[in-house]
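Participant: In the UniProt record's numbering, the protein residues as written are 1 to 145.
Handing you a structure now.
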């Protein structure tokens, strides 16, 4: 399976989600292909936020090699599933969908369309956001075995 994680700038939530899901996929030998992207272009080419890197590393996940990129319409053809972090990301991605099949690939990472809070403005949110993302990714990986 090919999975894309999407947030706003691709430097906090979606690289955490990519790294966590990659870690779980490797540990469970799922063989998934993972990537992440942002709906905005402000951070294209930049590494994840240092606080995201630190929180991931604290939990045994290395995301330091990742680089931000912007979501493209071609991603609908490249990925089987596109997980978004919040309603704004969901709407932005759906606007680029050309048909119902592409729209069907898009879902919230958290169950019941709950949003993953953006930790960008609050250092204290990185640990709870990591845990939210980890739990959601674990549930997805466990359900695919």
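Glycine is no exception: its CB is placed at the ideal position from the N, C-alpha and C atoms.
What is the rounded straight-line gap between the Cα of residue 34 and the Cα of residue 99?
Facilitator: Approximately 23 Å between the Cα atoms of the pair.
Participant: Within the same chain, show all residues whose beta-carbon is closer than 7 Å to that of residue 89, passing over the 5 residues directly before and after it, in chain order.
Facilitator: Correct list, in chain order: 6, 7, 8, 39.
Participant: Using three-state DSSP, classify residue 115 as helix, strand or coil.
Facilitator: Looking at residue 115 - three-state DSSP - the assignment turns out to be coil, as it is neither helix nor strand.
Participant: So, do the segment 77-94 and the segment 48-55 have three or more beta carbon pairs nearer to each other than 8 Å?
Facilitator: Short answer: they don't touch.
Participant: Given this structure, state the Cα-to-Cα distance separating residue 25 from residue 17, to the nearest angstrom.
Facilitator: Straight-line Cα distance between these residues: approximately 12 Å.
Participant: Thinking C-alpha only, which one of 30, 115, 133 is nearest residue 2?
Facilitator: Nearest option by C-alpha distance: 30.
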